[in-house]
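Student: Oh and the sequence shown: position 31 is 30 in numbering that gives the first Met the number 0, straight run, nothing missing. Note that the Cβ used here is the ideal one computed from N, Cα and C, for glycine as well.
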Amino acid sequence: MLSVEPVKYAHKKLSKPNRNFSTLYEGKRIGLLGGSFNPAHKGHLHITRGALSRLNLDEVWWMVSPQNPLKSTNDMNDFNTRKTSAEAIADDPRIVVTEIELELGTLFTVDTLQALRKKFPEHRFVWLMGADNLRQIPKWKGWRQIFRMVPIAIFPRPAYSGRALAGKASRRFKKFRVKSTRGPRLPNMRPPAWIFLRTKPDTTSATRIRAKLARKN
Numbered sequence: 000m001l002s003v004e005p006v007k008y009a010h011k012k013l014s015k016p017n018r019n020f021s022t023l024y025e026g027k028r029i030g031l032l033g034g035s036f037n038p039a040h041k042g043h044l045h046i047t048r049g050a051l052s053r054l055n056l057d058e059v060w061w062m063v064s065p066q067n068p069l070k071s072t073n074d075m076n077d078f079n080t081r082k083t084s085a086e087a088i089a090d091d092p093r094i095v096v097t098e099i100e101l102e103l104g105t106l107f108t109v110d111t112l113q114a115l116r117k118k119f120p121e122h123r124f125v126w127l128m129g130a131d132n133l134r135q136i137p138k139w140k141g142w143r144q145i146f147r148m149v150p151i152a153i154f155p156r157p158a159y160s161g162r163a164l165a166g167k168a169s170r171r172f173k174k175f176r177v178k179s180t181r182g183p184r185l186p187n188m189r190p191p192a193w194i195f196l197r198t199k200p201d202t203t204s205a206t207r208i209r210a211k212l213a214r215k216n
C-alpha cells in the first residue's frame, strides 16, 4: 500500500501521488514524463509546457526514475539529488514531481503504466517522450504493449525526429497516428493513439550539462 502524506496544494511538492488523494486528482487528464532527471533541465520544462497547452492537460507528473535500465550508472547522481533538481525548476503548480516508481517498485515503463492504471483508474494518462525515445522504444520491455495501454505524445528532438518517424515503432503503429490538430482530444482517445507535436525543439542535453559541471569542478 502506498504511504499517505498530508495534502498540499503546492503540487510540485507532492512526491507520491496516492489514491487517498482522490478529491485532489479525481478524473484528471495527466501527462506522464519519466526520466532520470540527471539533472532536470529546461528541456523537461519545454516538453511539459507544450504538453499542458497542446494536449489540454490538467497536470504533468515528472516521474523520477530510480534507475533507467538503458542507462549507465557511472555518472548517475543519487535519487534524492536528481529529484531535488526536478523540484528546483518545476515552476508551474501543474507539475508534480514524484517518486512513485520508487514506491511502486517498478523499473520498466510498461510495468509502471500497468500499476498506475490499476491504482488510478479515474485518470486519463498520456505518456510523453521525445523523438529520441520514439526511435529507441523498440528496445524497451513490452514496447508494443505500451502503445496499447495509453495514448502517447511525441516531441521533436534535434537529429532524431526524422529517423524516429521513419523508425520501427512509427511504422508498426502508423495507422494509429493522430493529426497534430487533434491534440486536445488525445487524452480521451482509446489506445493505441499517438501524436507527433511539431514544436520548436529544445537543444538542452543533460549529458552536456554534466560535462560542463565536471569541467568546472
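1) What is the DSSP secondary structure of residue 100, reduced to helix, strand or coil?
2) Which value, in whole angstroms, describes the spacing of the CA atoms of residue 46 and residue 147?
3) Rounded to whole angstroms, what is the Cα-Cα separation between residue 159 and residue 78?
4) Based on DSSP bridge pairs, tell me the residues matched to residue 127.
5) Give me whichever residues DSSP pairs with residue 60 in a beta bridge.
6) State yes or no: is the C-beta of residue 30 within less than 9 Å of the C-beta of residue 60?
7) Starting from the C-beta of residue 50, find all residues in its chain whose C-beta is less than 7 Å away, skip the five residues before and the five after it, and write them out in chain order.
8) Smallest Cα separation from residue 190: which of 132, 154, 197, 112?
9) Which residue marks the beginning of the beta strand (DSSP E) containing residue 217, and which one marks its end?
10) Looking at residue 123: is its Cβ nearer than 9 Å to the Cβ of residue 48?
Tutor: Taking the structure as given:
1) In the structure shown, residue 100 falls within a helical segment according to DSSP collapsed to helix, strand and coil.
2) Spanning the two alpha carbons is a distance of roughly 22 Å.
3) Each residue's alpha carbon lies about 28 Å from the other.
4) Residue 127 is bridged to 152.
5) Paired residue(s): 31, 95.
6) Going by C-beta atoms, residue 30 is nearer than 9 Å to residue 60.
7) Hits under 7 Å: 30, 56, 59, 127, 152.
8) That would be 112, whose Cα lies nearest to the Cα of residue 190.
9) Any property of residue 217 remains undetermined from this structure, which presents the chain solely from 0 to 216.
10) Between residue 123 and residue 48, the gap from beta carbon to beta carbon reaches 9 Å or more.
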